[in-house]
Amino acid sequence: MNNTLSASSSATDTKSADSGNGFAKYRPRSSIPLGLPTGVYAQQCVAAAYASRLNPYALHVKEQEALQDHLCHLHVTVYLNIRNGILRLWTRNPMVSVTKEEALGCAKDYRWMNLASFAYEWLVRNGYINFGCVEIPMRFVTPKVGRRKHGPVIVVIGAGMAGLGCARHLEGLFRHYRDASTSPRVILLEGRRRIGGRIYSHPLRSLQSSKLGSGLVPKAEMGAHIVVGFDHGNPLDPIIRSQLALPYHLLRDVSTIYDIDGSPVEEMQDAMDERLYDDVLERSGFYRLKPTVVPSAEGDRSLIDSGRDLSTSDGVTVRQYEEARASGTIGLLLPTKRVRRGVGHKTADITAPGAPGADSTRPEEHPAAFMCQTNGWRLNNGVSMNDTLNLDPVAKASSSQTLGAVLDDGIRQYQRMLPLTPKDMRLINWHFANLEYANATNVRNLSLSGWDQDIGNEFEGEHAQVVGGYQQVPYGLFSLPTKLDVRTNKIVSKISYDPTDSGRQFAVIHCEDGETFAADKVIFTGSLGVLKHESVQFEPPLPEWKRGAIDRLGFGVLNKVILVFDQPFWDTDRDMFGLLQEPPNQDSTNQDDYAANRGRFYLFWNCLKTTGLPVLIGLMAGDSALQAESTPDHEIIAEVTSQLRNVFKDTAVPDPLETIVTRWKSDKFTRGTYSYVAAQARPGDYDLMAKPIGNLHFAGEATCGTHPATVHGAYISGLRAASEVIESILGPIELPNPLVPRKGKSEPVIPAATAAGQKRKEPHTPAAPSVPNPAKPTTSPRQQAYEQAMWVFIQSEIGPPLPRPTRVGINPFLLYQKDHRSMCRAQCDETYQALRNDLNVRAAHHEVQQALGQMWREASEEEKRPYIEQSEVNRQTNAELCSRWKQQMAEWEKKAEALKVKWCAAHPFESWGLDSAMITLTPGMSTGVRVASASASDSSSFPSLGLSTSDRGHGATTATPVGPGIVVNDSMHNSNT
Numbered sequence: 001m002n003n004t005l006s007a008s009s010s011a012t013d014t015k016s017a018d019s020g021n022g023f024a025k026y027r028p029r030s031s032i033p034l035g036l037p038t039g040v041y042a043q044q045c046v047a048a049a050y051a052s053r054l055n056p057y058a059l060h061v062k063e064q065e066a067l068q069d070h071l072c073h074l075h076v077t078v079y080l081n082i083r084n085g086i087l088r089l090w091t092r093n094p095m096v097s098v099t100k101e102e103a104l105g106c107a108k109d110y111r112w113m114n115l116a117s118f119a120y121e122w123l124v125r126n127g128y129i130n131f132g133c134v135e136i137p138m139r140f141v142t143p144k145v146g147r148r149k150h151g152p153v154i155v156v157i158g159a160g161m162a163g164l165g166c167a168r169h170l171e172g173l174f175r176h177y178r179d180a181s182t183s184p185r186v187i188l189l190e191g192r193r194r195i196g197g198r199i200y201s202h203p204l205r206s207l208q209s210s211k212l213g214s215g216l217v218p219k220a221e222m223g224a225h226i227v228v229g230f231d232h233g234n235p236l237d238p239i240i241r242s243q244l245a246l247p248y249h250l251l252r253d254v255s256t257i258y259d260i261d262g263s264p265v266e267e268m269q270d271a272m273d274e275r276l277y278d279d280v281l282e283r284s285g286f287y288r289l290k291p292t293v294v295p296s297a298e299g300d301r302s303l304i305d306s307g308r309d310l311s312t313s314d315g316v317t318v319r320q321y322e323e324a325r326a327s328g329t330i331g332l333l334l335p336t337k338r339v340r341r342g343v344g345h346k347t348a349d350i351t352a353p354g355a356p357g358a359d360s361t362r363p364e365e366h367p368a369a370f371m372c373q374t375n376g377w378r379l380n381n382g383v384s385m386n387d388t389l390n391l392d393p394v395a396k397a398s399s400s401q402t403l404g405a406v407l408d409d410g411i412r413q414y415q416r417m418l419p420l421t422p423k424d425m426r427l428i429n430w431h432f433a434n435l436e437y438a439n440a441t442n443v444r445n446l447s448l449s450g451w452d453q454d455i456g457n458e459f460e461g462e463h464a465q466v467v468g469g470y471q472q473v474p475y476g477l478f479s480l481p482t483k484l485d486v487r488t489n490k491i492v493s494k495i496s497y498d499p500t501d502s503g504r505q506f507a508v509i510h511c512e513d514g515e516t517f518a519a520d521k522v523i524f525t526g527s528l529g530v531l532k533h534e535s536v537q538f539e540p541p542l543p544e545w546k547r548g549a550i551d552r553l554g555f556g557v558l559n560k561v562i563l564v565f566d567q568p569f570w571d572t573d574r575d576m577f578g579l580l581q582e583p584p585n586q587d588s589t590n591q592d593d594y595a596a597n598r599g600r601f602y603l604f605w606n607c608l609k610t611t612g613l614p615v616l617i618g619l620m621a622g623d624s625a626l627q628a629e630s631t632p633d634h635e636i637i638a639e640v641t642s643q644l645r646n647v648f649k650d651t652a653v654p655d656p657l658e659t660i661v662t663r664w665k666s667d668k669f670t671r672g673t674y675s676y677v678a679a680q681a682r683p684g685d686y687d688l689m690a691k692p693i694g695n696l697h698f699a700g701e702a703t704c705g706t707h708p709a710t711v712h713g714a715y716i717s718g719l720r721a722a723s724e725v726i727e728s729i730l731g732p733i734e735l736p737n738p739l740v741p742r743k744g745k746s747e748p749v750i751p752a753a754t755a756a757g758q759k760r761k762e763p764h765t766p767a768a769p770s771v772p773n774p775a776k777p778t779t780s781p782r783q784q785a786y787e788q789a790m791w792v793f794i795q796s797e798i799g800p801p802l803p804r805p806t807r808v809g810i811n812p813f814l815l816y817q818k819d820h821r822s823m824c825r826a827q828c829d830e831t832y833q834a835l836r837n838d839l840n841v842r843a844a845h846h847e848v849q850q851a852l853g854q855m856w857r858e859a860s861e862e863e864k865r866p867y868i869e870q871s872e873v874n875r876q877t878n879a880e881l882c883s884r885w886k887q888q889m890a891e892w893e894k895k896a897e898a899l900k901v902k903w904c905a906a907h908p909f910e911s912w913g914l915d916s917a918m919i920t921l922t923p924g925m926s927t928g929v930r931v932a933s934a935s936a937s938d939s940s941s942f943p944s945l946g947l948s949t950s951d952r953g954h955g956a957t958t959a960t961p962v963g964p965g966i967v968v969n970d971s972m973h974n975s976n977t
């Protein structure tokens, strides 16, 4: 097994960069919009890093590992500005892959081209850009004479989100690193008849719906259900909302909880009991194990926020600086003046993921009784406001104590302080059930010290449901841009692998049907439940460190009951409602009595907006989820229907037309739903789950310690596994030496004919340096620095100018084709299949487009009217938004003009910048801002908000639907906005 792939797509250019010719065909700043103020551009870059789960001000640990011996610590800021700029290109239009040319255009000078090249390759490899259903252009290589060799064969076991995400990213990376002589393959083996894994949208057959979009049928979510926020780094955001353009419904929180007698719980009592539960949970956080934070090098925040680079160098690498800082010898390494002024980078001091700041002090800062009284509770007789909870005896009774034991003890102590009624106990235990839903197990199985070890990594924004079924997401990953090689009904029974990854031994995958597959690399994405159950035999057996992590982590279960009715009898404007459950002894106030039943139908999802039918999905969490595994369907249906009739007494609640009860623990392909941190678990167990063994790699939600038990966590783990596989084949990204050429070294030379756009037959003129020069003579560096400082001041006072609002589509035909493309494609396919007598033939894209145009031309005025009216509404909306923006910009410019006059009066140019604090601009380096003239009264000096053709705005992209809610892109990046 030879390393037959080529990494030359990155190495060729970077190796020759130092010679002065490697980057001659690329242009610095070509991806930085000319009309965009530098401060605004910088803010967009910072936001893009946050939206990619990266710290905009600090290196990722893996970035630092690769760069620390090659990068000057003063150039960390430059690198981060470039990396964030590349991320900006991707986040502004994830419909189209970022090219290397675009990425290198984020560098402001040829000196930084090697940094841009590394940043691009690192982001691509690790799945921060160019991931999902986007097409990756195949690198051009000169064909070689002779037979193509077989490239590496990668077998991915499991076609859930981890497996599909891994395979799709591998396919993209193989295209990115294409070699002329090899043909790599990626094969997915799936035991089920379907793809999606624990995402399963079950078709509903009792009723038909006309409320869903074209091509969508009613489906109920048997497994994963909720997108837990699109913002702040969820990789499903660009896939769902851009690449697949799936419709989704944003959820509102629980608005009503019903008691056992069917009456709604008063909001005041609900709030008081919830605060009591929150207080106990917060106090238990004192016993949380403090995570180990690995510091990484940070750039200069002020420079990054203002979009400026630091071009000087002192020859001290990141590793040298970090080691000196850690040992306290930084003064011996750097001149005293530089240290005192704080030049250079520093260790990242923002709160690291998983390191909540609230843990720095004990939560018992205020006595429990005082907090209760503050929240509206009346204390029992004899209880002082200074009385508090003492959780230490229970919490410290065992090194592997559970969260549930401490929470239960806290509730018992509150019962001695407060007049808690059975109704209060039911409400408090409803919140216990909600916590058990989040962790797929009873709270008495959760580790006290580590149950929320992923805290701080949550995404932001409203939660959402995908209209028409969550399974459209894995199907989109399977289908686009080309279908993956998925073999269903392939139940894997044994995996023989090479624990040394010597390259001399294939991995062999054995299936129950007798078929075997040989692979260079194998990625196992099956669930932790399958590993615990030992459904798959490994040869040699998994090492003890891997088995230990498998045994210590927990794998829980959540079950659902799905009910389809003829008509809704509930408030259809509410997305969910809750039910309180009573213990076996209805009047009991014993906390232990509530555990068994509190999660039984504790929450109902109203799925009318996502299925188009009157559907309720009831959740069974904690112990109730396990009970459902052995309870017959008819008993569960009778019980849940009885409870619904008890709540909605004023309405005749009929028997459901269609019912489904899930039993995920009995499913041999999963053995449960998702992982949790069990009492015996250790820090780092999730990392051990992810660690490869030779040529055997692992992915899945239980291998993602930052986002376990989630769909996005499974997908992120697939990206990580794909990156590991490519790294094991190609090795690390190659870096030239020196990484950054010395300042003043000759720049690449571009022939004048090419630079000026002349034809090759024209007379050759002497070549000129390719340093980007302004079209007109510019002011001196001191003048530019003066104007830059003025702009920074203005922006700090009134903020950046508002960006021009995005235009909403005003072409009625485009609106029409979005609704009719699926139907038109199906008709075209049927026509061609009938003509050619071949059921596999499909109509071409342009043929479907022609048919759509014909349908539009032949449509009646009545059919066209809604789309014409909608386009007119969009036109008016565009006009209103533009008008409002112009008014706001006029106000902004008025304030800016006043601030400009004020600043210039306080800082006359003749006396400004003559001291050591003056900003120095490198020759050939632009501020990126259309700066002010010397005259303080020149109102035209303030930057405009025009976008260049290098800006990847969404408005420049035309998306063509190709199926129910699935789109592909028809445009290039460099379209005019």
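The numbering of the sequence shown is UniProt numbering, which starts it at 1 and goes up by one.
Yeah, the Cβ is synthetic: ideal placement off N, Cα and C, and Gly gets one too.
Backbone CA spacing between residue i and residue j [nearest angstrom]
i, j, result
"I562", "A220", "7 angstroms"
"W791", "R884", "24 angstroms"
"Q243", "T611", "22 angstroms"
"E436", "L608", "26 angstroms"
"Q586", "R600", "15 angstroms"
"V155", "A625", "34 angstroms"
"A843", "E797", "58 angstroms"
"D667", "A507", "27 angstroms"
"D593", "A690", "39 angstroms"
"V677", "L427", "25 angstroms"
Cβ neighbour criterion (16 or more within 10 Å) applied to residue i
i, result
"C882", "exposed"
"P894", "For the sequence presented, residue 894 should be read as Lys rather than Pro. That one is exposed."
"residue 979", "It is not possible to answer for residue 979, since the shown part of the chain is limited to 1 through 977."
"E701", "buried"
"K649", "exposed"
"residue 986", "Residue 986 falls outside the range modelled here, since the chain spans only 1 to 977, and no answer is possible."
"E910", "exposed"
Beta bridge counterpart(s) of residue i as assigned by DSSP
i, result
"L616", "L563 and N606"
"S183", "H150"
Three-state class that DSSP yields for residue i in the structure shown
i, result
"V647", "helix"
"L123", "helix"
"K219", "strand"
"Q401", "coil"
"C45", "helix"
"R600", "strand"
"M576", "strand"
"F459", "coil"
"F524", "strand"
"I509", "strand"
"Y676", "strand"
Cβ shell of residue i (< 6 angstroms), same chain only, five flanking positions each side left out
i, result
"C45", "N84, G85 and R88"
"L644", "V653"
"V280", "L407 and G410"
Residues of its chain near residue i, where Cβ-Cβ distance is below 7 angstroms and the 5 sequence neighbours each way are ignored
i, result
"H431", "E274 and Y277"
"S723", "R125, N126 and G127"
"A42", "I304, D305, S306 and G307"
8 angstroms CB neighbourhood of residue i in its chain, flanking five on each side removed
i, result
"K864", "P812, Y816 and W856"
"A936", "Interpretation of A936 is limited by its pLDDT of 33, a score under 50 that renders its predicted location unreliable; the figure taken from the coordinates is listed afterwards. Here the set comprises K900, V901, C904 and A905."
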